[in-house]
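In this note's numbering, the protein residues as written are 3 to 145. As structure tokens, the structure follows; a few thoughts come after it.
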């Protein structure tokens with residue numbers, strides 16, 4: 003599990019797809035870590051320099067659906083801009099997400115991408131506070 007203080011991310015096996023989990027002391031930080039886990043499906047985030055900032059926004063009726071929308075917005079931005087991301091700042095406010103994602107143009111030789119995610123799914127979807135007080139943001143990504 004990759005970790006920074008109380009924030010962390012990890013992958014979990016799920017048939018032909020990949021499960022991602024983000025942990026953090028706040029829901030926002032769990033969303034940020036889930037985004038990092040998504041990007042780590044593609045490449046080692048340490049290889050991606052935070053050179054360019056992209057603003058994103060989405061809305062959903064609850065945090066679980068907002069998580070899927072957030073991850074799918076990132077997948078869309080990575081595909082259309084041919085970018086990878088390595089740093090995120092998320093703000094959540096009553097069903098609305100505003101975020102900034104930093105990254106750079108895809109360089110196949112340096113980034114060595116493994117797979118291209120097609121979309122975040124509702125499979126295994128969880129957004130909840132754990133017994134230890136941290137927040138968990140989890141779903142399965144179709145690759």
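For every residue, glycine included, the Cβ atom is placed at its ideal position computed from N, Cα and C. The structure presented is a predicted model; accordingly, all values stated were derived computationally and were not measured.
Can you tell me where the alpha helix (DSSP H) holding residue i begins and where it ends?
{"i": "residue 34", "result": "29-44"}
What residue from the options has the CA that sits closest to residue i's CA?
{"i": "residue 75", "options": "19, 100, 135, 52", "result": "100"}
{"i": "residue 69", "options": "53, 82, 36, 78", "result": "36"}
{"i": "residue 28", "options": "129, 116, 84", "result": "129"}
{"i": "residue 11", "options": "140, 144, 124", "result": "140"}
{"i": "residue 102", "options": "45, 30, 13, 15", "result": "30"}
Mind checking residue i: buried by the 16 CB within 10 Å criterion, or exposed?
{"i": "residue 86", "result": "buried"}
{"i": "residue 97", "result": "exposed"}
Run through the DSSP bridge pairs and tell me what residue i is partnered with.
{"i": "residue 77", "result": "Answer is none; residue 77 lacks a bridge partner."}
{"i": "residue 100", "result": "59, 93"}
{"i": "residue 17", "result": "The partner list for residue 17 (beta bridge, DSSP) is empty, contrary to what the question assumes."}
Going by DSSP, what residue range makes up the beta strand (DSSP E) through residue i?
{"i": "residue 128", "result": "128-131"}
Pop quiz: residue i and residue j are said to be a contact at Cβ under 8 Å. What is the actual Cβ separation, rounded to whole angstroms?
{"i": "residue 32", "j": "residue 24", "result": "5 Å"}
{"i": "residue 58", "j": "residue 119", "result": "Not really, about 16 Å apart at Cβ, beyond 8 Å."}
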